[in-house]
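Step one of this worksheet: look at the structure below.
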RNA sequence: GGGCGAGUGGCGGAAUGGUAGACGCGCUAGACUCAAAAUCUGGUAUUCGCAAGGAUGUAGGGGUUCAAGUCCCCUCUUGCCCACCA
């Protein structure tokens, strides 16, 4: 008997699969149903992947392998997130040009992924930094620009001093840069944006219906942050300007005792009087100097100044003082609020500090507890003709009244901001814009794309507010596409996220040099059936959904949502229970485990077995020998089967083997379908354990039952452990690959065993178990239960008041 | 502070309201061996009992139910996301 030697058989089969193109997909084959499965594309840095990443990539591999075996034309693509900050920072760190640093790091990545035996179609590999790819990223920019969804605007934006670039809202995490983890500041700059807010409502509405991991859906909804409310217009006493505030509680309008503007509000400066001018200007200056983050971290102590001006509350014509305070955010709503200190915590704190009036307009529910500021619902008081109306109704009535008076309207506001896409960094797709003195920003015509990123020696950020490209004069100086006059190229590059917001469309038409993708190909291959990742729950997925919807409107794609199923898996932690990271030195390279003799299959099975996909679990390297042991048991079992001649079994043994095999086939099929990979593995272990037990009493060898058991086991195991199963499949005499069109069918007639175990409870407590024939009638079962001796003891001669029978499971006797 | 999850043996984790702890790790006994490793077979929540069997057990407290890890309410702990968003 041959010994199981993973290293040998894995090398052998990986070469054969590559030579024979086992996982190559023919896009034009429409006879088989399509299945399109992918993981988020890896970002390239020197570290390569660790065992945590490996698990992520494997989920899409399991799914696609199972479908391929089930007769689908199944596609599992691979590509590289090559542009962007991570690669450039890595290049700076090792002192090489980004292109070179990237290409060198890629070697390690490819080696890892290939050794792990993922069923990628390597012939269709893409890279976002390849001109044949970013040509189309730039083309998409043009399309957005053409439709008014790309625009340039000067505004204060997050700026990372370490990385010398602006960042999108989504890339600032807890006030820190997503790459270098340093505090960011605000800087007023002229920047390019994509108008994702125009799609906010649409994206939000579609979110509930998605078959996505719930957590991701919640995070997206929170990020979009839709608030239904009203805009209310306050006249300014003695002036012509109108002050518009946003509120979600128009029902509390009678309780608005003052109005607060953000320091950045355009009216802030102009509302001061001679007496207040100095303090107002001082406050605004001070606020501008401090970043939002500093304000946030500096304790929540409220600060503010009175402008000296008054606003007229439209509902009761009260004169309310106008204040400026930095607790009001410039970027949200209108940058101005009406303050209702009686029913808002922040307003209350502010009013107390500055001795401003507090008027209750919502009746508190009567409770024993002392409620500080009541923010809930209730009937209105002190609200003129709206008194007594419940707050929810009052909201509508007051807004109706405001609309009639022309002093307000309903308004929906979002927390989500437009997507800031310009980066003052070299390593990205150049924004295809030419600035002409006469024509302003002019898009580079489609037929002149791509705008090639020039090769420069000094690519590092040089400390200004422009990328290194600004120094490449021969590239910057060009002519205007409209007038032919002298013009300059835009020197900012596109956010790396832009490059990865459409790659799933390029995957299905990667060599097309006429268009980004062929809509007809997309019509067959889109959308992605299974997508998974462990990061980018907000930014990447929102951006992709935004673009997809835009493409859908242009008729370029057949569906508005890019990913049918999105599975967001939790991280595998380092053995010490903390997050794996290279800087902490607690990562585990999959190559290390494979090279120590366990091979890819044992590692793969363990990756799936360790925990359900959505649970964080610490890596325990001792688990790999466990799955290795399991694969060895499979190996021995199949070898014994192969080496033996024909055998004859008892009818009972045949039945037992077939029940296990058919049940297991059904279980694994549904577990994979439901993304329950860990229980799929344990079910296979159980089946193998059972076969071992049967084998101690009955011979294993050629017989219909054993043949089905062994073949189906290999087929079910093959998405998890593709190498060992392929090897054994061939040793059994098969000449085709196990990985295409081989999946066991189960027959319901085998799913019922001859015997069943009925649990007998007395008053809900387990007292006996009955091993009886599966066709025993309900009456018989109840009788048997009632006469069981231990049951009788606990019935204590009392008459049962009720006997509950759960078919095939239990009897509960209530006395 | 807000939103969404999660709390089960020594560990990772199983359980359509119906036998809690499947499966694996670890530990342990036996078989094989000169011996060890590997392998195979058994045991392994706590506790009382020679045993049969009993009691207790899914963070804590209440509730619904014939029956609760699972459903409802409160409390605690913990993870993630957001965070002065009016």
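Residue numbers (this note's numbering): 854 to 1668.
Virtual Cβ for every residue (Gly too), placed ideally from N, Cα, C.
Treat the numbers as computed from the prediction; the structure is a model and nothing was measured.
Fill in: Segments of 3+ residues assigned as beta strand (DSSP E) that fall wholly inside the segment 1142–1199
1158–1165, 1172–1177, 1189–1192
Discussion item. When you compare the CB positions of residue 1545 and residue 1486, do they come within less than 8 angstroms of one another, or not?
Written reply: yes
Worksheet item: Using the rule of at least 16 other Cβ atoms within 10 Å of the residue's Cβ for burial, across every protein chain shown, is residue 1484 buried or exposed?
Response: buried
Worksheet item: residue 1454 and residue 1577 look like a contact to me (Cβ under 8 angstroms); what is the Cβ gap, rounded to whole Å?
Response: 5 angstroms
Fill in: Closest residue to residue 1333 among 1346, 1294, 1047 (Cα-Cα distance)
1294
Worksheet item: Among the residues of its own chain, which have a CB less than 8 angstroms from the CB of residue 1459, if the five just before and after it don't count?
Response: 1476, 1477, 1479, 1480
Worksheet item: By a C-beta neighbour count over all protein chains shown, 10 Å radius and 16 as the cutoff for buried, is residue 1030 buried or exposed?
Response: buried
Worksheet item: Out of curiosity, what's the CA-to-CA distance linking residue 873 and residue 863?
Response: 15 angstroms
Worksheet item: Is there contact here, the segment 1602–1620 with the segment 1520–1530, by at least three beta-carbon pairs under 8 angstroms?
Response: no
Worksheet item: At what residue ranges does the segment 1415–1487 contain a whole run of the alpha helix (DSSP H), taking only runs of 4 or more?
Response: 1443–1446, 1452–1462
Discussion item. Suppose you measure from the CA of residue 1073 to the CA of residue 1533; what does that come to, to the nearest Å?
Written reply: 31 angstroms
Worksheet entry | Whole alpha helix (DSSP H) elements within the segment 1579–1654, 4-residue minimum | 1631–1640, 1642–1648
Worksheet item: Any contact of the segment 1373–1390 with the segment 1333–1343, i.e. 3+ C-beta pairs under 8 angstroms?
Response: no
Worksheet item: Are the segment 1176–1194 and the segment 1109–1128 touching by the rule of at least three beta carbon pairs closer than 8 angstroms?
Response: yes
Practice prompt. Could you tell me whether the Cβ atoms of residue 1090 and residue 1189 are closer together than 8 angstroms?
Written response: no
Worksheet entry | N-terminal and C-terminal residue of the alpha helix (DSSP H) that residue 973 is part of | Here residue 973 belongs to no alpha helix (DSSP H), and DSSP marks it neither H nor E.
Discussion item. Mapping the DSSP letters down to three states, classify residue 1111 as helix, strand or coil.
Written reply: strand
Worksheet item: Name the DSSP beta bridge partners of residue 1532, please?
Response: Paired residues: none, contrary to the question.
Worksheet item: Taking just the CA atoms, how far does residue 1356 sit from residue 988?
Response: 12 angstroms
Worksheet item: Pick from 1096, 1402, 1494, 1537: whose alpha carbon is nearest that of residue 1581?
Response: 1494
Worksheet entry | Given residue 1028 as reference, the closest of 1043, 1011, 1042, 1154 once Cα atoms are compared | 1011
Worksheet item: Considering only C-alpha positions, which residue in the set 1324, 1304, 1633, 1210 is nearest to residue 1312?
Response: 1324
Practice prompt. Keeping to the same chain, check which residues put their C-beta closer than 8 angstroms to that of residue 1506; ignore five residues upstream and five downstream.
Written response: 1547, 1550, 1551, 1558
Practice prompt. Report all residues from its chain with a CB closer than 8 angstroms to the CB of residue 1221; omit the five preceding and five following residues, and keep chain order.
Written response: Since pLDDT at residue 1221 reaches only 46, below the 50 mark, its modelled position is unreliable, and the value read off the structure follows with that caveat. Contacts found: none.
Worksheet item: Which of the three DSSP states, helix, strand or coil, is assigned to residue 892?
Response: strand
Worksheet item: Opposite residue 1006 in the DSSP bridges: which residues?
Response: 1044
Practice prompt. Specify the secondary structure class of residue 1551 as computed by DSSP and reduced to three states.
Written response: coil
Fill in: Beta-carbon proximity list for residue 835, same chain, < 7 angstroms, skipping 5 on both sides
What the structure shows of the chain is the stretch from 854 to 1668, and residue 835 is not part of that stretch, so it cannot be assessed.
Worksheet item: In the segment 1248–1310, which residue ranges form an unbroken beta strand (DSSP E) of at least 3 residues, counting only runs that do not cross its ends?
Response: 1261–1267, 1286–1289, 1293–1296
Worksheet item: What residue does the alpha helix (DSSP H) around residue 1359 start on, and which one ends it?
Response: 1356–1359
Worksheet item: DSSP three-state call for residue 1335: helix, strand or coil?
Response: coil
Item to complete: Count the other C-beta atoms from every protein chain shown that fall within 10 angstroms of the C-beta of residue 1503, then say buried if there are 16 or more, exposed otherwise.
Response: exposed
Discussion item. Quick check on this structure: which residue in 894, 1410, 1154 has the alpha carbon closest to the alpha carbon of residue 1203?
Written reply: 1154
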